[in-house]
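Student: Numbering (the working numbering), first residue to last: 4 to 200.
Note that beta-carbon positions come from the ideal geometry of N, C-alpha and C, so glycine has one too.
Quick caveat: nothing in here was measured; it's all calculated off a predicted structure.
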Amino acid sequence: MSEIRSVFQQQNGYARMHDLKIAGIHTRKIAAAVKTGEIEKIRPGLYRLAEYPRDQFSSYYDIYAANDKAVICLVSASAFHELTDYIPEETSIALPRNYTSFAIEYPPVNIYYFPEKHLKSGAEFIITDNGRFKVFSAEKTIADLFRYRKKTGDDIVLESLKNYLSRKNRDINKLLEYSAESGVQKQMMPYLKAMVI
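1. With 16 other CB atoms within 10 Å as the buried threshold, where does K128 fall?
2. Find out if the Cβ-Cβ distance for the pair F105, G125 is shorter than 7 Å.
3. In or out: M198 buried (at least 16 other Cβ within 10 Å) or exposed?
4. Thinking C-beta only, is P110 closer than 7 Å to T94?
5. Run through DSSP, which three-state label would S79 get?
6. Would you list the residues sitting across from K137 in a DSSP beta bridge?
7. Skipping 5 residues on each side, what residues in its chain have a beta carbon closer than 7 Å to that of D174?
8. Can you tell me the Cα-Cα spacing of F60 and F11, whole angstroms?
9. Rounded to the nearest angstrom, how far is the Cβ of E119 from that of P99, given a contact under 8 Å?
10. Compare the Cα-Cα distances from L52 to each of S81, H84, L77 and I7 and report the closest residue.
11. Measure from the alpha carbon of V78 to the alpha carbon of each residue in L148, G186 and L161, then state which is nearest.
12. Going by other Cβ atoms of all chains shown within 10 Å of its Cβ, with 16 needed for buried, is K137 buried or exposed?
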């Protein structure tokens with residue numbers, strides 16, 4: 004198991020079947036490690052070392068390891084930025100509109116397909132001691148919540164906006180920029196004016 008463990012530790016607790024084969028580890032050994040619970044299957048061809056340190060962002064690391072184009076968005080991004088108290092059962096992720104499939108066994112995900120220009124704008128790359136992932140900025144998240152408010156619900160949209168506006172480091176110009184880019188500035192302005200005054 005030490006040879007398997009070293010491959011995983013070099014890659015923040017994750018390894019692809021291809022990497023394990025290059026390291027000379029036979030598929031039978033990998034299957035046995037999955038069966039004993041030493042490694043966990045994230046999706047076909049992607050595994051995680053079970054004993055690797057976990058934290059509150061572990062599901063985000065799993066998603067990024069499964070697909071580095073995935074960006075944490077909407078309600079999940081709002082929770083990440085502490086703009087809402089609501090903790091969703093599924094992690095909301097954004098993928099390119101032309102992307103056809105995304106397979107992951109855990110965590111459960113809710114996929115939104117964004118146009119390329121909306122996917123690149125406002126994405127932040129987060130690196131911690133235990134892994135990495137992408138999440139939309141707080142301002143971009145609020146604009147997207149307004150854009151998808153029929154799916155996310157007005158309560159989360161307004162709670163997120165209110166909590167954002169109460170922050171000392173708020174950037175209303177950036178918020179307006181993202182809302183214009185997302186085509187929701189007209190819908191957001193009445194709420195913004197009421198909450199800022």
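Tutor: Walking through what the data contain:
1. It should be pointed out that residue 128 corresponds to Phe in this sequence rather than to Lys. Looking at its Cβ environment, which holds fewer than 16 other Cβ atoms inside 10 Å, F128 is exposed.
2. No, the pair does not count as a contact, with Cβ atoms beyond the cut-off.
3. M198 should be labelled exposed.
4. It is a contact, given that the beta carbons lie within the stated cut-off.
5. S79: helix per DSSP, three-state reduction.
6. K137 pairs with F128.
7. Taking C-beta separations shorter than 7 Å and ignoring five residues to either side along the sequence, the partners of D174 in its chain run E142, following chain order.
8. C-alpha separation (whole angstroms): 18 Å.
9. At roughly 6 Å, the Cβ-Cβ gap stays under 8 Å, so E119 and P99 are in contact.
10. Minimum Cα distance to L52 is reached at I7.
11. It is L148 whose Cα lies nearest to the Cα of V78.
12. Burial call: buried.
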